[in-house]
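Everything in the sequence shown is counted per our numbering, starting at -16 for the first residue and increasing by one.
See structure below.
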Amino acid sequence: MSVSVILPSGLRAARLARFGYRRHSLILRIWRRESMNLPAYTDISATLEQADAVHSPAEVHGICCALLARDIATPGERLFEFVFGEETSLEDPALRPVLDLFEKTKKQMQDPLLGLTLLLPDDAEPLAARIEAASKWASGFLYGWLQAGLSETGNASPEVDEFLADCKSLAITRYQVDDAEEDGETIYLELTEYLRMGALLVQEETQPIKAAPRIH
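Listed below in structure tokens is the structure:
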């Protein structure tokens, strides 16, 4: 078997359940308000390339999630400072897709139905490219966390510290993936769900969101 990706052991489903999290139902995965849809991965990639930014789209989204998980009131200027430099303006029309990404990520992270999605390549892309992007997302999340003035450990619960440690491990690991291996897709789905729920757990620790109203 050529897939060498192992899902981190930190936040298994049982632990996430302690914080009231559950995997989205099929209906919730299909239903998504248009105002919350993230820009296309390719659009963000083109914007970053034109601006000569060093971060990948997945990394930028990881940074977004970390900054907002720490403080949902973080201004877009903070992200632009990290990605494009201090002299960059939010009013630059060429960079509008990245500002749109930031604003819609903020909406998703405030969603009581836990509607956060990760900015990753389309499922039609090779598995190796998608797993590499997930690794970059983890790197971006850790980078954003550290740039917010926080350390990797000692800021919150052991579960959050372990998630940050897993992000570091994922960021520096290189993977060998066989695109024809069915288990690889399962591992990828588990990995991205782990990262998604981990980001929400970090937010829950720092600034809990209100539960969704019950539908009778």
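Backbone N, C-alpha and C define an ideal beta-carbon position, used for all residues, glycine too.
Approximately 7 Å separates the beta-carbon atoms of Ala41 and Gly123; this is inside 8 Å, confirming the contact. Per DSSP, reduced to three states, the secondary structure at Glu188 is helical.
DSSP places Ala52 inside the alpha helix (DSSP H), whose first and last residues are Pro40 to Arg53. Between Thr189 and Ala52, the gap from beta carbon to beta carbon is short of 8 Å.
Across the set Ser140, Tyr177 and Asp83, the C-alpha of Asp83 shows the shortest separation from the C-alpha of Asn20. Following the DSSP letters along the chain, one finds Pro141 inside the alpha helix (DSSP H) bounded by residues Pro141 to Ile155. Here DSSP, grouped into helix, strand and coil, assigns Val37 to coil. For the pair Gly59 and Leu97, the Cα-to-Cα distance works out to about 22 Å. Distance between Asp54 and Ala117, taken at the CA atoms: about 23 Å.
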